[in-house]
Amino acid sequence: VDVGGANAGLVKDFELTPDGQAEVEIEVDERYAPLRVGTRAQIRSAGQTSVSGRYVQLMLPPENEAGQNIPDGGVIGSERTTTNVDIDQFFSIFDPPTRKAVQNFYKGGRRQYEGRGEQANRGLMYLSPQLAASSRLFEELRHEPPVLERFVLDSSRFVTALSERRDSLAPLIENLNRTTRALGSEKEALAEAIGFLPPFMRRANTTYVNLRRTLDELDPFVAASKPVAKKLRPYLAELRPFASEAVPTVRRLSQLARFPGPRNDLFELQRTYPPLADITLNTKRRSMDFGTGSRSVGETRGAFPELTEALKGSTPILAHSRPYTPDFVGWMDDFSHTGAYDALGSFSKAQFYFNAFSVEDGLPTGGLIPPAARGQAFKEIARLGQVKRCPGAAEEAQPDGSNVYSEEEQRELDCVEEHRATGNID
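Note that my numbering has the sequence shown beginning at 341, numbered continuously upward.
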């Protein structure tokens, strides 16, 4: 019999009751006698699982919860006793395939470390800093019970959420198994990558140290993000069906990267980069076939250096056309539609067509314009020769003159303000 890790008595006898339970008779030392109502008893194993290697652990109730004394020959009921869970009972909760998988796991561990005991021991030495850091972490949590409680509760919610989505996790674990198997097949490349880790970690250590100050500065941002994060819950719930529907798309992306056959995936595409870089960047002796056989054209630069040299003389031309960029973009978009909208609202653009009828001085002419006079009539109501419009001339001139170019600017741009496309027809 044990109380708080100290020997507190002996088991005198035990027998099987008619209802299949064990009735254990114990004798408690005088320093713990008499036991109080509320005492709990639990059967425990001292070491290796066996029938004889068991003892009774008594858990005494607090003074404010303890009841009356249990008399000599009294009983601690089954509602306050807990039996021991044997190792075979634990494994019995798994089905035969799972138990077989656990056996194979330990057998695989034996084969994994067979002949590499010294290397494994050297590797385990690196666990010491991690274990020390974990010890400091839980030591800090012990001094902050609310934080520890919140950590346990959040962990419980996390594990519960994982349990509810076990069907979704099964493909993830299966894919991780394939990924791990694929990594294991690349032993030489994996060994080379691991060889680069020590210098990388030494260089990264300085970066991690400098990150501490950055993380402290992020605390206000995290605090301000908490209310927003709560509002994101409905949107995150909608992401779940999106992720499920995206599985075929992501699977097809793997075919885009690598697909059987020549010149039909991204892997084959990257093989074309060296020849492309050679023709665009490198200076070397080249030859060309003009249809009569290959002929040497001497040492020439790549396409990009040649293009750079060719564009030097075009800078003034591009600079002159730059102010017309909004007009060009507008012509490609807004100006090609009958309607649009701006800050003042929607508007519609109209276009007039002239026919054989016309108006003079605001009054109808009273009939058709004779064919011989139609050309002259058109010239009287149309503005011709407007070939030097200034940038932005498709818009109405503002009263403050903010979109009207000065005479000096008009000379520089070689444009005429009177050629503006809007306004009254004089």
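We put the CB at the ideal spot given by N, CA and C, even for glycine.
Nearest-angstrom Cα separation, counted from E370 out to A348: 9 Å
Mind reading off the beta-carbon distance from P374 to I427? Whole number of angstroms is fine, and I expect it under 8 Å. In fact, because the Cβ distance is near 36 Å, the residues do not count as touching under 8 Å.
Given N743, which residues of its chain have a CB within under 6 Å of its CB, disregarding the five upstream and five downstream residues? G732
Please classify Q726: does DSSP put it in a helix, a strand, or coil? coil
Is it true that the CB of R380 sits closer than 7 Å to the CB of R420? yes
Complete beta strand (DSSP E) runs within the segment 389-441 (minimum length 3 residues, chain order): 394-399
Whole-angstrom distance between Q610 and R603, CA atom to CA atom: 10 Å
DSSP state of A643, grouped into three classes? helix
Would R760 be called buried (16 or more neighbouring beta carbons within 10 Å of its own) or exposed? buried
For a test of the three-state rule: what should DSSP assign to Q361, helix, strand or coil? coil
So if DSSP puts M628 in a beta bridge, which residue, or which two residues, is it bridged to? R635
Taking only the alpha-carbon atoms, compute the straight-line gap between E458 and L467 and give it to the nearest angstrom. 15 Å
Starting from F354, follow the beta strand (DSSP E) in both directions and report where the run begins and ends. G349 to L356
In chain order, what residues of the same chain lie with their CB nearer than 6 Å to the CB of E639, ignoring the 5 residues before and after it? R625
Taking only three categories from DSSP, how would you classify I366? strand
How far does the beta strand (DSSP E) with I383 in it extend, from its first residue to its last? R380 to S385
Residue interval of the beta strand (DSSP E) (run including S746): No beta strand (DSSP E) contains S746, which DSSP labels as neither H nor E.
Could you pull the DSSP bridge partners for G685 from this structure? D682
Determine the direct distance from the alpha carbon of A346 to that of R424, and round the result to whole angstroms. Residue identity differs from the one stated: residue 424 is Asn in this sequence, not Arg. For N424 and A346, the distance between alpha carbons rounds to 19 Å.
Use the C-beta contact count for V568: other C-beta atoms within 10 angstroms, 16 or more gives buried, fewer gives exposed. exposed
Neighbour flag for F630 against chain B, beta carbons, 7 Å: Given the protein chain composition of this structure (a single chain), no chain B is represented.
From the DSSP output, which residues share a beta bridge with D342? N347 and Q397
Check the C-beta distance from V343 over to L400 and give it rounded, since I have them as a contact under 8 Å. 7 Å
Span separating the alpha-carbon of D629 from that of M672: 40 Å
By Cβ distance below 7 Å, which residues in the same chain neighbour V415 in space, the five residues on each side in sequence not counted? none
For R309: DSSP bridge partner residues: In the structure as shown, the chain starts at 341 and stops at 766, and residue 309 therefore has no counterpart that could be examined.
What first and last residue would you give for the alpha helix (DSSP H) that runs through F491? P485 to E504
Mapping the DSSP letters down to three states, classify A737 as helix, strand or coil. coil
Could you tell me whether the Cβ atoms of I433 and V396 are closer together than 7 Å? no
Distance between L530 and G524 (C-alpha atoms, nearest Å): 8 Å
Return the chain-ordered list of same chain residues with a C-beta closer than 6 Å to the C-beta of P663, the five sequence neighbours on each side being excluded. P731
Give the straight-line distance between the Cα atoms of S746 and V727, rounded to the nearest whole angstrom. 18 Å
For D556, which of helix, strand or coil comes out of DSSP? helix
Go through its chain and collect everything with a Cβ distance to V487's Cβ below 7 Å, but skip five positions before and after it. L481
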